[in-house]
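>
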Amino acid sequence: MSSIPPEDIDTTGHAGLLIGSRWSPPADPTWVAVIAHGYGEHIGRYQWVADRLTSDGAVVYAHDHAGHGRSEGESVLIEDFEPVIDDLHLLVERAQAENPTLPVVLIGHSMGGMIAARYTQRHADAVAATVLSGPVLGSWEPTALADLDEIPPTPIDPTTLSREEDIGRAYQEDELVWHGDFKRPTLRALATTLENVTAGGRLGVPTIWLHGQDDQLVPIDPSRAGWEHIAPEGAPAKAYPGARHEIFNETNREEVLDDVLAFVHEHI
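Taking the UniProt record's numbering, the leading residue of the sequence shown gets 1, the next gets one more, and so forth.
(1) Closer than 6 Å by C-beta to V127: which residues in its own chain qualify, once you throw out the five before and the five after it? Chain order, please.
(2) Just the C-alpha distance for A95 and G234, rounded to the nearest angstrom, thanks.
(3) Would you mind reading off the limits of the beta strand (DSSP E) that contains L210?
(4) From P158 to D259, what does the alpha carbon distance come to, in whole angstroms?
(5) Residues in its own chain within less than 6 Å of I43 by CB, not counting five upstream and five downstream?
(6) In terms of residues, what are the limits of the beta strand (DSSP E) holding T12?
(7) In angstroms with no decimal places, state the Cα-to-Cα distance between L18 and D10.
(8) For the alpha helix (DSSP H) holding H89, just list the boundary residues, first then last.
(9) Name the DSSP bridge partner or partners of G16?
(10) Enumerate in chain order the residues of its own chain whose CB-to-CB distance from N249 is below 6 Å, with the five nearest sequence positions on each side excluded.
(11) Could you tell me if H179 is buried or exposed, where buried requires 16 or more neighbouring beta carbons within 10 angstroms of its beta carbon?
(12) Out of curiosity, what's the CA-to-CA distance linking P6 and D149?
(13) On the three-state DSSP scale, how would you describe L194?
(14) Three-state secondary structure (DSSP) at V256?
(15) Tell me the DSSP secondary structure of G204 in three-state form.
(16) Check the C-beta distance from L132 over to A117 and give it rounded, since I have them as a contact under 8 Å.
(17) So V218 and V136 are supposed to be a Cβ contact under 8 Å. How far apart are they, rounded?
(18) With DSSP as the reference, please indicate the residues paired to T130 in a beta bridge.
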């Protein structure tokens, strides 16, 4: 499978310029994918995912959230996630304007899964389906750090990302990844958003929940409990034995993307 480099796109978001990417398929697109990345990372880490999606006929849009990657804003500082959802809506609206006849599928990983769930609650009319990958839902243990007088060093252990050793190594060496500590306002905003998602009702579009069973970064049980509050009636869910947090970068990533595409084609 050949790799298609993205075009840079930008939008003015709530905290400044949002730098994003658009990947176009080799032939006329048949659907649109919008990706929401996770905490501390950036959309450049999703090239392989974009390759799979474009080879399936998707035109793929994504941007670095405020304070992440190449976008403006203080690093990993998010005091309220509702403006981040507003930023994402600007991207979805752009994707719709440029592809007015095509269905849009939202794909969110980790913190981006939480963002995607909240987005779907607020803008169910904007997407045809939603995919949640290792989403932060229900509760997340690191948010308790916000109550400490001093937040201890909290670098993400790269071995929790994938059984594929190169993934952790590349993550450690990536200068666009945040390798510092959590910020108190961000932790509090995460906790508030998790409560809002849980209270926000069942998602109004077809949605699938996918998770690694050995995920130590976003443990499966709290996420599954949160999913049960918002899952549409009869919504599919799948856990992958042995898989860690980044299931799109895991040793069984082909299986995971096969499952994503099978779900997408069932609903577009």
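Idealized CB from N, CA, C, for every residue including glycine.
So, from the data block:
(1) Excluding sequence neighbours, V127 sits near V104, L106 and V205.
(2) Answer to the nearest angstrom: the Cα atoms are 29 Å apart.
(3) Element bounds for L210: T207 to G212.
(4) 25 Å
(5) S21, H37, A62 and D64
(6) E7 to G13
(7) Approximately 5 Å, taken between the alpha carbons.
(8) First-last of the alpha helix (DSSP H) with H89: E82 to E98.
(9) According to DSSP, G16 bridges with G13.
(10) S162 and I167
(11) exposed
(12) When rounded, the distance between both Cα atoms is 43 Å.
(13) L194 sits in a helix when the DSSP states are folded into three classes.
(14) helix
(15) DSSP places G204 outside both helix and strand once states are collapsed to three, so it counts as coil.
(16) 6 Å
(17) Between V136 and V218 the Cβ distance is about 5 Å, and since that is below 8 Å, they are a contact.
(18) L106 and T207
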